[in-house]
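Below is one structure, written out as structure tokens; the observations come after it.
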Amino acid sequence: MRAVTVKPLKYEELPGLSAKLLSEHHDVLYAGYVKKMLEIQDKLETVDEATANATYSEIGELKREETFAANGVRLHEAYFAGLGGDGVPNGAILKLIERDCGGFDAWKSHMTASGMAARGWVIAAYDPLLERLVTYSCDAHNLGCVWDAIPLVVLDVYEHAYYLDYATARKAYIEAWLKNVDFAYANNLIAARGIPS
Ligand SMILES: [Fe+2]
């Protein structure tokens, strides 16, 4: 089995996103999901399966939080890896945005509206069933997931992602996030996963 470790940040601070905000988010919250994901996997090896019960049981709670932690790790890694750019798309991701989302301005507007409406995540993902880029939103790491969709551009709208810098001004945070998106992350994934564009 592959050893999972905390992936380091490639930047300390970004325009509009302070070092304190990013380090709290990365070093405490994201790293915490990695730790808990591994802890849950360990506990599942020895849990008493005979006590399984849907109202309450140790295995029931571990199985519920297993997907919460596993998606928490994946989504945070995509979020942090997708920052540090200039917010200007090019190449394959730009083609998908223009073909499937009515252009970059319309995509930004939809990401912003989705981010104001969601309670957890907004994920611009390639959906192999629809064969297009779709903006999905999730109210928790494991609520609203589409199993085979590939997250290309990931926006965290949990309050911990912005409150230190923006208090309740979520829209201003989303505007700052849009200016720092590194679309090279999406383009690398499109190439690696063979996504047609
Ligand atoms: Fe987060």
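The number in my numbering is simply the position in the sequence shown, starting from 1, with 4 added. The beta-carbon is built from N, C-alpha and C at its ideal position, and this holds for glycine as well.
Closer than 8 Å is the cut-off here; do at least three beta carbon pairs connect the region 138-145 with the region 110-123? yes
Q) Does at least one heavy atom of ligand 1 sit under 8 Å from the Cβ of Y83? A) The count along the sequence shown starts at 1 and reaches residue 83 at position 79. Result yes, Cβ under 8 Å from ligand 1.
inquiry  = Please classify G124 as buried or exposed, where buried requires at least 16 neighbouring CB atoms within 10 angstroms.
reply    = Stepping through the sequence shown from its first residue, residue 124 is reached at position 120. Answer is buried; the Cβ neighbour count reaches 16.
Pick out whichever of Y130, R136, K99, E17 has its Cα sitting closest to the Cα of N184.
Position 180 of the sequence shown holds residue 184. Comparing Cα positions, the closest option is E17.
- Query: Any heavy atom of ligand 2 closer than 8 Å to the Cβ of L13?
  - Reply: Absent from the structure shown: ligand 2. Ligands present: ligand 1.
- request: Can you tell me which of K47, A180, W151 puts its alpha carbon nearest to the alpha carbon of I127?
  value: The residue given as residue 127 occupies position 123 in the sequence shown. Ranking K47, A180, W151 by Cα distance to I127 puts W151 first.
**Prompt:** Apart from the five residues on each side of it in sequence, which residues of its chain come closer than 8 Å, Cβ to Cβ, to N191?
**Reply:** The residue you call residue 191 lines up with position 187 of the sequence shown. The answer, listed in chain order, is N94, G95, A96, I97.
| field | Close-in-space but distant-in-sequence residues of the same chain around E81 (CB under 8 Å, 5 per side omitted) | value | Numbered from 1 along the sequence shown, position 77 holds the residue referred to as residue 81. These residues qualify, in order along the chain: K11, Y34.
Starting from the N-terminal end, write out each residue whose C-beta falls within a distance shorter than 6 Å of any non-hydrogen atom of ligand 1. H29, L33, H80, D160, Y162, H164, A165
- request: Compare the Cα-Cα distances from S22 to each of E43, W181, Q45 and report the closest residue.
  value: In the sequence shown, residue 22 corresponds to position 18, counting from 1. Nearest of E43, W181, Q45 to S22, Cα basis: W181.
ask   = Can you tell which of L193, V8, G20 has the C-alpha that lies nearest to the C-alpha of Y166?
value = Locating residue 166 in the sequence shown gives position 162, counting from the first residue. Taking only the C-alpha atoms, the option nearest Y166 is G20.
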